[in-house]
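Enquirer: Would you mind keeping the following structure in view while I ask a few things?
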């Protein structure tokens, strides 16, 4: 099983790359976390944002395989505690499917991606900046794994 964070975003600052990499490398070899970046299309003054979002959504879905689990990160999704995420992680491991965590661009996720969602997850009712979401997801996945393995990190 593997987890893929598929995210629409611009180039991230070095501190974000370092923060994400720190937690991603802590994951065990049998549960890797992979980052797939979908380039954020330039949104000029007269940009057709709906068309740009559709194109980004197509790229996001093209990065998945048939049979993969798609989990969309949405404000309206279901909030999970860290312990509930650990339960989800264990269920995903038992399914042995690739899990794709989908993070949209500044306008959110395209309707086509949300329609393919197997689960909808809300990190917070707050609007979170993309750099923090990337690090937060990697850290929480690592923390959930430590709960499952009874590693002392969670304490």
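Residue numbers (our numbering): 7 to 161. Just so it is clear, CB atoms sit at the ideal spot from N, CA and C, and this is done for glycine as well.
(1) Would you mind stating whether residue 78 and residue 130 have Cβ atoms separated by less than 7 Å?
(2) By DSSP, does residue 71 sit in helix, in strand, or in coil?
(3) Could you please give the first and the last residue of the uninterrupted beta strand (DSSP E) stretch that includes residue 129?
(4) What is the DSSP secondary structure of residue 91, reduced to helix, strand or coil?
(5) Just grab the DSSP bridge partners of residue 43 for me.
(6) Using the C-alpha atoms, what's the distance from residue 127 back to residue 25?
(7) Compare the C-alpha of residue 134 against each of 76, 75, 81, 48 and name the closest.
(8) So the alpha helix (DSSP H) residue 120 belongs to, where does it begin and stop?
(9) Anyone know if the C-beta pair for residue 150 and residue 92 falls short of 7 Å?
(10) Are the CB atoms of residue 63 and residue 118 nearer to each other than 7 Å?
(11) Based on the DSSP output, what are the partners of residue 85 in its beta bridges?
Expert: On the basis of the coordinates in this document:
(1) In the chain shown, the residue the question calls residue 78 occupies position 72. In the chain shown, the residue the question calls residue 130 occupies position 124. No.
(2) Position 65 of the chain shown, counting from 1, holds the residue named residue 71. Per DSSP, reduced to three states, the secondary structure at residue 71 is coil, with no helix or strand assignment.
(3) If you number the chain shown from 1, residue 129 lands on position 123. Element bounds for residue 129: n/a, residue is neither H nor E.
(4) Locating residue 91 in the chain shown gives position 85, where the first residue counts as 1. If DSSP states are grouped into helix, strand and coil, residue 91 belongs with the helices.
(5) For the purposes of this step, residue 43 is identified with residue 37 of the chain shown, where counting begins at 1. Under DSSP, residue 43 shares a beta bridge with 13.
(6) Residue mapping note: residue 25 aligns to position 19 of the chain shown, counting from 1. Residue mapping note: residue 127 aligns to position 121 of the chain shown, counting from 1. C-alpha separation (whole angstroms): 22 Å.
(7) By 1-based counting over the chain shown, the position of residue 134 is 128. If we check each option's Cα against that of residue 134, 81 comes out closest.
(8) For the purposes of this step, residue 120 is taken as the residue at position 114 of the chain shown. That run of the alpha helix (DSSP H) goes 117-121.
(9) Looking up residue 150 in the chain shown gives position 144. Looking up residue 92 in the chain shown gives position 86. Result yes, Cβ atoms of residue 150 and residue 92 sit closer than 7 Å.
(10) Mapped onto the chain shown, residue 63 falls at position 57. Mapped onto the chain shown, residue 118 falls at position 112. Going by C-beta atoms, residue 63 is nearer than 7 Å to residue 118.
(11) As a first step, residue 85 must be located in the chain shown, where it is residue number 79. 128, per the DSSP bridge assignment.
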